[in-house]
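Peer 1: So that you can map any letter, position 32 of the sequence shown is 31 in numbering that gives the first Met the number 0, and since no number is skipped, the others follow by simple counting. The C-beta atom is built at its ideal place from N, Cα and C for all residues, glycine as well. Quick caveat: nothing in here was measured; it's all calculated off a predicted structure. Please see the structure below; I have some questions.
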Amino acid sequence: MPRDKKSTMRFCNPFTVKCLYCSEYIFKNKRHNAYQEEIKGGDYYGIKVYRFMFKCTGCKKMLSIKTDPKNGDYQAENGCLRIDNLKKEANIRKKENETDIEKIKEEIKKLYEIEKSYKK
């Protein structure tokens, strides 16, 4: 396949995306026609990086995602936002907040013990 040519293929979304133009959600496993193209100079240890371009179901603007062979995943590229990442980041922040709360509770207990010992 020549580098400049795009091939049309049937594509299944690997994750849920949100269109940045019309805020339409395109859910995981939604099948639609997409253009596949190889990204020039975008190989990772000899593994080619591909871009998949497809139209939003709401506004018909072109959105694109690309392969990420380094992490064995895909990245949202143009016109869309990956929703799975937002959930993962929120879970990470929630866990960090929970650990911070536990540390603060332990410090309060220590201070309470110190205060108790001074009152005696």
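Give a yes or no on whether the C-beta atoms belonging to Arg-50 and Ser-63 are separated by under 7 Å.
Peer 2: Yes. Within cutoff.
Peer 1: Alpha carbons only, please: which of Ile-46, Lys-60 and Cys-58 is nearest the one belonging to Asp-67?
Peer 2: Out of Ile-46, Lys-60 and Cys-58, Ile-46 has the C-alpha closest to the C-alpha of Asp-67.
Peer 1: Are the CB atoms of Gly-78 and Lys-65 within a distance shorter than 7 Å?
Peer 2: No. Outside cutoff.
Peer 1: I'd like the ranges of any alpha helix (DSSP H) spanning at least 4 consecutive residues and lying wholly in the region 26-62.
Peer 2: As far as the region 26-62 is concerned, it has no whole alpha helix (DSSP H) run of at least 4 residues.
Peer 1: Would you mind working out which of Met-52, Val-48, Cys-18 and Lys-39 sits nearest Asp-72, comparing C-alpha positions?
Peer 2: Closest by alpha carbon: Val-48.
Peer 1: CA-CA distance, Met-52 and Ser-22?
Peer 2: Cα to Cα, the separation comes out at about 17 Å.
Peer 1: Please report how far the alpha carbon of Lys-86 lies from the alpha carbon of Tyr-24, in whole angstroms.
Peer 2: Whole-angstrom Cα-Cα distance: 15 Å.
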